[in-house]
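Structure record follows, encoded as structure tokens.
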Amino acid sequence: MKKLLPSANNHKPPNSKFKTIVDRYSAKREKLISMLHDIQEEFRYLPEESLRSLSNELSVPLIKIYGIATFYKSFRLKRPGRHMLTVCLGTACHVRGGPRIADEISRVLDVKPGETTKDGEYSLETVNCLGCCAIGPVLVMDGKIFGQITTKSVKNILKQTDKDRNKKEGVAG
Amino acid sequence: MPTLKIDGLDVTVEPGTTVLEAAQFLGLEIPTLCHMDGLEPYGGCRLCLVEVGSGDKSRLVTSCTYPAEDGLTVRTNSKRVLRSRKMMVELLLSVCPSSRTIQDLASLMGVQKVRFKTRNDDCILCGRCVRMCKEQMDAGAIGFVNRGHKRKITTPFNMKSEVCRTCGGCIYVCPACNLRCQGPNAPGDVCGSCLSLQPTCTERFDDYMCYLGPTGNCGTCIKKEEN
Ligand code: FES
Ligand code: FES
């Protein structure tokens, strides 16, 4: 079994970081979305605690903030895995076999789109067009774009991260 | 003060009045669902559609949100309006056939079958409860989350809200929570037991001729013509 990430559960945002973000926008309620973006950048998702604190700070009802956070697709309410896999299912990638790639990843990692593997390593997510249709089907992993993916190359890419991780952990430990 | 013409009747209202309020002031009936006195207009159910302007330039607007302007001509029950309203009821009925309010509206509008896939939801997203909670109860415990076909009304994180005082206001104003009466047909069907089969003036003329109910159901003019 792979190790759980430290503090994978019960994650509470350190108050100082949260405070700087709110102060950066001088706690103005019309800057709510910018704050949410910054919080997500800091913690990689929107922790429940931070939304609650935000509601207190700005005196905006919590449901309003929750509504906004669920309305936009770019906001994440669940803690993502260490590696983010984004498969494009836009029209161009779709006809070139994007769905097959997504299925393959689901099968190999045992994770459904929009979910995270049990060990907290990988999150799979699907999007509609990344704007680089010419190299489709497209897979983005941790911000790096891979074009012309096949079911075979998926495995290689995943292996790559495994190696990376082993290397890093070897050095650290 | 704006003066407008609704169904051929002149009316002068306070600035800031909506077309719906002006029509109600005249005693004209416009079916509504998401509108409720004391709550902000929302314009979500599209039942209160009326035709404004005349001739080719006329268009359909929701009367509950449309401000009464000077010189406006409004028709609350033209053929076009009735056709669109009927469609709205049919769509609502396909979402939530268990609601008595909507079944009643269907009977009133003469909707006899639903051509869409029934979803059997218990919410039509009219947002009355959301506005009630926020505006009248000053709590803001519930609201819309997600978007598109996943949109629904719930509390933050689907948990019991800390600001909810369980006043029950949301249930009190809900038009979908009152269950339909037990008819002879299956719960998902159109009930239609209250359907009026009498011919109405809107079947013959472009507008309704008397002011007895939103579909011209008195039928007097039709009888007169037949005799
Ligand atoms: S469809 Fe995949 S990048 Fe455009
Ligand atoms: S009453 Fe006007 S849109 Fe619902």
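Heads up: the protein sequence lines correspond to chains A and B, in order. Per the working numbering, the first sequence runs over residues 1 to 173. Per the working numbering, the second sequence runs over residues 1001 to 1227. In this text, a Cβ means the ideal position worked out from N, Cα and C, and glycines have one as well.
At least one heavy atom of ligand 1 falls within 8 angstroms of the beta-carbon of THR91 (chain A). Within the DSSP bridge table, the entry for GLY1143 (chain B) names B:THR1154 as partners.
With a minimum length of 3 residues, the unbroken runs of beta strand (DSSP E) contained wholly in the region 1072 to 1121 of chain B fall at 1073 to 1075. Secondary structure note for HIS83 (chain A): its beta strand (DSSP E) is the uninterrupted segment 83 to 88.
Interface flag for THR1155 (chain B) against chain A is set, since a Cβ pair is found closer than 9 angstroms. Bridge pairing for THR116 (chain A): A:SER123 [DSSP]. Taken in chain order, the complete beta strand (DSSP E) segments of 3 residues or longer contained in the region 1004 to 1072 of chain B are 1009 to 1012, 1049 to 1052 and 1059 to 1062. At a beta-carbon threshold of 7 angstroms, the residues of chain A lying near ARG1147 (chain B) are PHE71, ordered along the chain. Rounded to the nearest whole angstrom, the CA to CA distance from THR20 (chain A) to ARG29 (chain A) is 15 angstroms. Every alpha helix (DSSP H) stretch that sits fully inside the region 22 to 108 of chain A and reaches 4 residues is listed by chain position as 32 to 43, 48 to 58, 62 to 71 and 91 to 95. Proximity of chain A to ALA1141 (chain B) at the Cβ level (cut-off 7 angstroms) is accounted for by ILE63, in chain order. In chain order, CYS133 and GLY136 place their CB closer than 6 angstroms to the CB of ALA92 (chain A), counting only its own chain and leaving out the 5 sequence neighbours on each side.
Within its own chain, the residues whose Cβ lies closer than 8 angstroms to the Cβ of PRO1097 (chain B), once the five positions on either side in sequence are excluded, are GLN1103, VAL1114, THR1118, ASN1120, ARG1180, PRO1187, GLY1188, ASP1189 and VAL1190, listed in chain order. The Cβ atoms of THR1018 (chain B) and THR1012 (chain B) do not sit closer than 9 angstroms to each other. GLY67 (chain A) has a beta carbon lying within less than 9 angstroms of a beta carbon in chain B. Each residue's CA atom was taken as its position, placing ILE101 (chain A) and PHE43 (chain A) some 28 angstroms apart.
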